[in-house]
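Protein chains in written order, with our numbering: chain A, 83 to 577; chain B, 9 to 105.
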């Protein structure tokens, strides 16, 4: 057993008790990356020198008996859409290749102040547009559980890195499921906080009314620890909420007796994998045994979520991505005449196909004569979708659903048909439209040893209750926590 | 697909608006893909939203304004660092007049 295989809280404990040094921990992390990342391809860039330097600094603090911040010595991987000062940030796109941000995102500053060590930037679908990480300009990431399958997306690199023990914690972003779906495909814990809970300053914008930074961790305790660090108001993001950040670690350990759980019937429809359905049924029985009360609930506008999401997200994206024009940063084509041709050639060569497709859709939906029929219509339906949740939460404390209708699918399986790919986010998208928090955690492995995710949805700013439900599930579930074996097997072949 | 919602000519017009350029093959592909996606979007017409207000921001929050105070920001050097073409402290673009 090497140190990188532990959870963040286990490593924090060992460092504090002086049983291991931070330097050893970070070395084990990079050893694992050297060993497996040729196959997994979770990372786009590493921060090795700086990370090892920081590890030594923490070890000096330990030696001097100084007080240690909450995440001291924890190796964290960052999705490459969050700006890191001095460390290349590409958003998985050719158009930002070589971009070195002059400032840190607020979450990065918070992690650093908490003693976390940024070990590298992770692969993703270009500008977070995708569900498989296959839309990265730098090639796909593979799922550690089966290298022929996708890790999910768009935070696929982050989820794969944590699953393969290449990091203890990773940050991702979730606009329509991009933290929860890859967490589910890789058997990890993924939390999308309430819109406004975590500052988006320094997060490169995709769809501003839906984007939220979230965490991917090995267990619920690590999730609670990280959320405590990254949450809270930031004067640099006027949409971040001025609310106290609760002690998630403490509250998640309380019992769930009497908790009222709603199970939305619209989520159990054709297209739902039978093994996923069985796993959720089994999970609900466990919640019942723990004293929760379970009832079926209806969210009648669920079937309109996907269309609503793709109209709103692409419209916002077409506006946000107008800034990539080859002037201030990133790629500029070599071959151009006038300004207009420079813009067009730079953007056409710099963006990949899915990004162009979404810019085109969004531009069309916002264009004169179509605005009311598409964008405004979608915003109105968004109101109805949110009202469905408001109504459900008057009666229930949390809602429980599958995270994705299927386990991880094969690489290339859905690339040719964008609409089929979009459908893999059908259970996560409504949550972003409603702005509410949700967590995905592993609840079973299927017959092919692929992880299956359970999604717990909460009221606005009530991350505490979903963490509590998740923690109780994790502590009492009989499903053993496995590690993906394929890594060591495949890697031995090469060694 | 039943009917064409967006024609190739419209795809060319939208590309112009979005500052994108496509070859003939790409135009055909985008026209067909956008048509099937827009066809799926027609689903929203099943719902009557005449009396429903639109939602732009999902969590209602007070409008926050920062104090109008000068604070240190990035230096000119930092701001220009990532530009490929810079001249005399400015971003440089092709001649426009």
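Just so it is clear, CB atoms sit at the ideal spot from N, CA and C, and this is done for glycine as well. Only a predicted model underlies this, so the values are computations on that prediction, with no experimental measurement involved.
As assigned by DSSP and simplified to three states, the class of residue i
{"i": "residue 301 (chain A)", "result": "coil"}
{"i": "residue 512 (chain A)", "result": "helix"}
{"i": "residue 231 (chain A)", "result": "strand"}
{"i": "residue 576 (chain A)", "result": "Per-residue confidence for residue 576 (chain A) stands at a pLDDT of 45, beneath the threshold of 50, marking its modelled position as unreliable; the derived number appears in the next sentence. Residue 576 (chain A): helix per DSSP, three-state reduction."}
{"i": "residue 316 (chain A)", "result": "strand"}
{"i": "residue 545 (chain A)", "result": "helix"}
{"i": "residue 199 (chain A)", "result": "strand"}
{"i": "residue 99 (chain B)", "result": "strand"}
{"i": "residue 94 (chain B)", "result": "strand"}
{"i": "residue 104 (chain A)", "result": "helix"}
{"i": "residue 377 (chain A)", "result": "strand"}
{"i": "residue 39 (chain B)", "result": "helix"}
{"i": "residue 538 (chain A)", "result": "strand"}
{"i": "residue 259 (chain A)", "result": "coil"}
{"i": "residue 9 (chain B)", "result": "With a pLDDT of only 47 at residue 9 (chain B), under 50, the local geometry of the prediction cannot be trusted, and the value read off the model is given with reservation. It is coil, neither helix nor strand."}
{"i": "residue 276 (chain A)", "result": "coil"}
{"i": "residue 49 (chain A)", "result": "Chain A is shown from 83 up to 577; residue 49 (chain A) falls before or after that span and cannot be answered."}
{"i": "residue 166 (chain A)", "result": "strand"}
{"i": "residue 271 (chain A)", "result": "strand"}
{"i": "residue 434 (chain A)", "result": "coil"}
{"i": "residue 40 (chain A)", "result": "Chain A is shown only over 83 to 577; residue 40 (chain A) falls outside these bounds and no answer can be derived."}
{"i": "residue 295 (chain A)", "result": "strand"}
{"i": "residue 332 (chain A)", "result": "helix"}
{"i": "residue 80 (chain B)", "result": "coil"}
{"i": "residue 492 (chain A)", "result": "strand"}
{"i": "residue 86 (chain B)", "result": "helix"}
{"i": "residue 369 (chain A)", "result": "helix"}
{"i": "residue 29 (chain B)", "result": "coil"}
{"i": "residue 71 (chain B)", "result": "coil"}
{"i": "residue 442 (chain A)", "result": "helix"}
{"i": "residue 306 (chain A)", "result": "helix"}
Opening and closing residue of the alpha helix (DSSP H) in which residue i lies
{"i": "residue 286 (chain A)", "result": "No alpha helix (DSSP H) contains residue 286 (chain A), which DSSP labels as neither H nor E."}
{"i": "residue 393 (chain A)", "result": "387-402"}
{"i": "residue 251 (chain A)", "result": "From DSSP, residue 251 (chain A) is part of no alpha helix (DSSP H) but of the beta strand (DSSP E) over 251-255."}
{"i": "residue 461 (chain A)", "result": "459-477"}
{"i": "residue 24 (chain B)", "result": "16-25"}
{"i": "residue 517 (chain A)", "result": "Run containing residue 517 (chain A): none; DSSP gives neither H nor E here."}
{"i": "residue 563 (chain A)", "result": "Note, residue 563 (chain A): premise wrong, no alpha helix (DSSP H); not H, not E."}
{"i": "residue 507 (chain A)", "result": "Looking at the DSSP string, residue 507 (chain A) is not in any alpha helix (DSSP H), and its letter there is neither H nor E."}
{"i": "residue 97 (chain A)", "result": "90-98"}
{"i": "residue 355 (chain A)", "result": "Run containing residue 355 (chain A): none; DSSP gives neither H nor E here."}
{"i": "residue 245 (chain A)", "result": "238-245"}
First through last residue of the beta strand (DSSP E) which encompasses residue i
{"i": "residue 526 (chain A)", "result": "520-527"}
{"i": "residue 157 (chain A)", "result": "157-161"}
{"i": "residue 484 (chain A)", "result": "480-484"}
Closer than 7 Å: residue i CB and nearest the ligand NAD heavy atom
{"i": "residue 341 (chain A)", "result": "Of ligands this structure carries none, so the ligand NAD is not represented either."}
One or two residues paired with residue i in a DSSP bridge
{"i": "residue 125 (chain A)", "result": "A:204"}
{"i": "residue 120 (chain A)", "result": "Residue 120 (chain A) is not bridged to any residue."}
{"i": "residue 533 (chain A)", "result": "A:527"}
{"i": "residue 225 (chain A)", "result": "A:228"}
### Task
Would you list, in chain order, the members of the segment 9-34 of chain B that have their beta-carbon closer than 9 Å to a beta-carbon of chain A?
Those residues of the segment 9-34 of chain B that come within reach of chain A (Cβ to Cβ, closer than 9 Å) are 14, 18, 19, 21, 22, 23, 24, 25, 26, 27, 28, 29, 30 and 34.
### Interface residues of the segment 420-439 of chain A facing chain B [CB-CB below 7 Å]
Residues passing the 7 Å Cβ filter: 420, 421, 424, 425, 426, 427, 429, 430, 438 and 439.
### Message
So if I threshold CB-CB distances at 8 Å, which residues from the segment 454-488 of chain A count as touching chain B?
### Response
Residues of the segment 454-488 of chain A with a C-beta less than 8 Å from any C-beta of chain B: 456, 458, 459, 460, 461, 462, 463, 464, 465, 466 and 468, listed in chain order.
### Message
Please identify, using Cβ separations under 7 Å, the residues of the segment 361-381 of chain A that lie next to chain B, in order along the chain.
### Response
With the criterion set as a beta carbon lying under 7 Å from some beta carbon of chain B, the segment 361-381 of chain A has no members that meet it.
### Under 7 Å (Cβ pairs) to chain A, residues found in the segment 46-65 of chain B
Correct list: 48, 49, 51, 52, 55, 57, 60, 61, 62, 63, 64 and 65.
### Message
When you compare the segment 323-341 of chain A with the segment 306-314 of chain A, are there three or more beta-carbon pairs, one atom per stretch, that lie closer than 8 Å?
### Response
Note that the segment 323-341 of chain A touches the segment 306-314 of chain A; at least 3 beta-carbon pairs, one per stretch, sit closer than 8 Å.
### the segment 76-94 of chain B contacting the segment 183-192 of chain A, beta-carbon criterion three pairs below 8 Å
Short answer: they touch.
### Message
With three or more beta-carbon pairs closer than 8 Å as the criterion, would you say the segment 260-279 of chain A touches the segment 538-546 of chain A?
### Response
Because the criterion of three Cβ pairs below 8 Å is met, the segment 260-279 of chain A and the segment 538-546 of chain A touch.
#### Entry: Residues of the segment 198-218 of chain A with Cβ closer than 7 Å to any Cβ of chain B, in chain order
When CB distances to chain B are screened at a threshold of 7 Å, not a single residue of the segment 198-218 of chain A falls below it.
### Message
Which residues of the segment 76-102 of chain B have a Cβ closer than 8 Å to any Cβ of chain A? Give them in chain order.
### Response
Going along the segment 76-102 of chain B in chain order, one finds 82, 86, 87, 89, 90, 91, 92, 93, 99, 101 and 102 with a Cβ nearer than 8 Å to chain A.
### Message
Does the structure place the segment 58-71 of chain B close enough to the segment 438-450 of chain A that three or more beta carbon pairs sit under 8 Å?
### Response
Judged by Cβ distances under 8 Å, the segment 438-450 of chain A makes no contact with the segment 58-71 of chain B, as fewer than three pairs qualify.
### Segment contact flag, the segment 249-257 of chain A with the segment 130-146 of chain A, C-beta cutoff 8 Å, min 3 pairs
Taking 8 Å as the limit for Cβ pairs, the verdict is that the segment 130-146 of chain A does not touch the segment 249-257 of chain A.
### Task
Residues of the segment 258-278 of chain A with a CB closer than 8 Å to any CB of chain B: list them in chain order, please.
Residues of the segment 258-278 of chain A that bring their beta carbon within less than 8 Å of a beta carbon in chain B comprise 276, 277 and 278, in sequence order.
### Query
Along the segment 538-559 of chain A, what residues have a CB closer than 9 Å to any CB found in chain B?
Here the close residues are 542 and 543.
### Query
How about the segment 516-525 of chain A and the segment 260-269 of chain A: do they share at least three Cβ pairs that are nearer than 8 Å?
Counting Cβ pairs under 8 Å, three or more are found: they touch.
### Query
Would you say the segment 424-433 of chain A touches the segment 377-384 of chain A, given that touching needs at least three Cβ pairs under 8 Å?
The segment 424-433 of chain A and the segment 377-384 of chain A do not touch, with fewer than 3 CB-CB distances between them shorter than 8 Å.
### Task
Flag this pair as touching only if the segment 356-364 of chain A and the segment 407-416 of chain A have three or more C-beta atom pairs under 8 Å; answer yes or no.
The segment 356-364 of chain A makes no contact with the segment 407-416 of chain A: fewer than 3 CB pairs, one atom from each, lie closer than 8 Å.
### Message
When you compare the segment 412-423 of chain A with the segment 459-468 of chain A, are there three or more beta-carbon pairs, one atom per stretch, that lie closer than 8 Å?
### Response
Touching, no, given that fewer than three Cβ pairs across the two stretches are closer than 8 Å.
### Query
For the segment 120-129 of chain A against the segment 219-227 of chain A, are there 3 or more C-beta pairs whose distance is under 8 Å?
Contact between the segment 120-129 of chain A and the segment 219-227 of chain A is established, with three or more Cβ pairs separated by less than 8 Å.
### Task
Take every Cβ of the segment 508-516 of chain A, pair it with every Cβ of the segment 469-486 of chain A, and state whether three or more of those distances are shorter than 8 Å.
Touching, yes, given that three or more Cβ pairs across the two stretches are closer than 8 Å.
### the segment 284-300 of chain A / the segment 554-561 of chain A touching (three or more Cβ pairs under 8 Å)
Verdict: no, contact absent.
### Query
Counting Cβ pairs closer than 8 Å, one from the segment 201-209 of chain A and one from the segment 168-180 of chain A, do we hit at least three?
The way I'd put it, the segment 201-209 of chain A does touch the segment 168-180 of chain A; three or more beta-carbon pairs between them come closer than 8 Å.
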